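Below is one structure, written out as structure tokens, with a few remarks after it.
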Amino acid sequence: MTTRVMTAERVSILVGILIAMLTTLLRYVANGVAQDRLILLCIAAVVVLGVAVASWRLLDAGARQRLPALLGRMGVAMLSSLLVVAVWQGLQGGMANLDGLAVLSHGTALGLLIHALASGWRRKRA
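Just so we're aligned: 8 in the working numbering is position 25 of the sequence shown, and the numbers increase by one with no gaps anywhere.
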């Protein structure tokens, strides 16, 4: 019996990392961060995209069928986290000082963390 190294959970987490990187990239572009950081983040995003595509190609049929449900759960986790981060920042600094791009990047990162932990716990119980 051989075990597959690549799982649908890992691919969904790679997609989540890419989403978190892109939202951070938006924040960097809007805040005028140094050009070298933007270039490094773009290169890293391209590498993560390549790894995600290669990993998806390594999945067997059953794992590919599980992937849309995992991506849906990750989307719910990210959207919920966006709301939590927005409420938290609103309570801390008032709704007038709410930074939309900070909420977006922090919310997606928190959602990715929640998704990764939940995926790990589900696999451990199974």
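Where is the CB? At the ideal position from N, CA and C, for every residue including glycine.
Here the structure is a predicted model, which is why all the values come from computation and not from measurement.
| request: Would you check if the distance between the CB atom of Ser(-5) and the CB atom of Leu41 is smaller than 9 Å? | output: Stepping through the sequence shown from its first residue, residue -5 is reached at position 12. Stepping through the sequence shown from its first residue, residue 41 is reached at position 58. Contact: no.
| field | Proximity below 9 Å, CB of Ser63 to CB of Gly94 | value | Here the question's residue 63 lines up with position 80 in the sequence shown. Here the question's residue 94 lines up with position 111 in the sequence shown. In this structure, Ser63 sits near Gly94, with a CB-CB distance shorter than 9 Å.
| query | In chain order, what residues of the same chain lie with their CB nearer than 6 Å to the CB of Ala92, ignoring the 5 residues before and after it? | reply | Translated into positions along the sequence shown, residue 92 becomes position 109. Excluding sequence neighbours, Ala92 sits near Ala3.
| said: If I follow the unbroken alpha helix (DSSP H) through Met78, where does it start and stop? | reply: Stepping through the sequence shown from its first residue, residue 78 is reached at position 95. Neither: Met78 is in no alpha helix (DSSP H) and is coded neither H nor E.
| task | With DSSP collapsed to three states, give me the class of Leu87. | result | Position 104 of the sequence shown, counted from the first residue, corresponds to residue 87. DSSP places Leu87 in helix when its eight states are reduced to three.
| With respect to the alpha helix (DSSP H) encompassing Leu41, which residues constitute its N-terminal and C-terminal limits? | Numbered from 1 along the sequence shown, position 58 holds the residue referred to as residue 41. Start and end: 18 to 41.
| query | When DSSP labels each residue in this structure, what does Thr(-10) get in the three-state scheme? | reply | The count along the sequence shown starts at 1 and reaches residue -10 at position 7. In the three-state reduction of the DSSP assignment, Thr(-10) falls in the coil class, being assigned neither a helical nor a strand state.
| Can you tell me whether Gly33 is buried or exposed, with buried defined as 16 or more other CB within 10 angstroms of its CB? | Residue 33 sits at position 50 when you count from the first residue of the sequence shown. Under this definition Gly33 is an exposed residue.
| task | Report the rounded CA-to-CA distance for Met(-16) versus Leu53, giving the unit in angstroms. | result | Reading the sequence shown from its first residue, position 1 is the one you call residue -16. Reading the sequence shown from its first residue, position 70 is the one you call residue 53. Only weak support is given to the placement of Met(-16): the predicted model assigns it a pLDDT of 46, under 50, and the value that follows is read from those uncertain coordinates. Their backbone Cα atoms lie some 25 Å apart in a straight line.
| request: Pull up the distance between the alpha-carbon of Arg20 and that of Ser88, whole angstroms please. | output: Along the sequence shown, read from residue 1 onward, the residue named residue 20 stands at position 37. Along the sequence shown, read from residue 1 onward, the residue named residue 88 stands at position 105. About 16 Å.
| said: Can you find the residues in the same chain that come closer than 8 Å, C-beta to C-beta, to Val(-2), ignoring five residues on each side of it along the sequence? | reply: Walking along the sequence shown from the start, residue -2 turns up at place 15. Only Ala35, Leu54, Met57 meet the Cβ criterion.
| field | Option in Thr(-10), Ala28, Ala17 with minimal Cα separation from Thr6 | value | Position 23 of the sequence shown, counted from the first residue, corresponds to residue 6. Of all alpha-carbon atoms in Thr(-10), Ala28, Ala17, the one lying nearest the alpha-carbon of Thr6 is that of Ala28.
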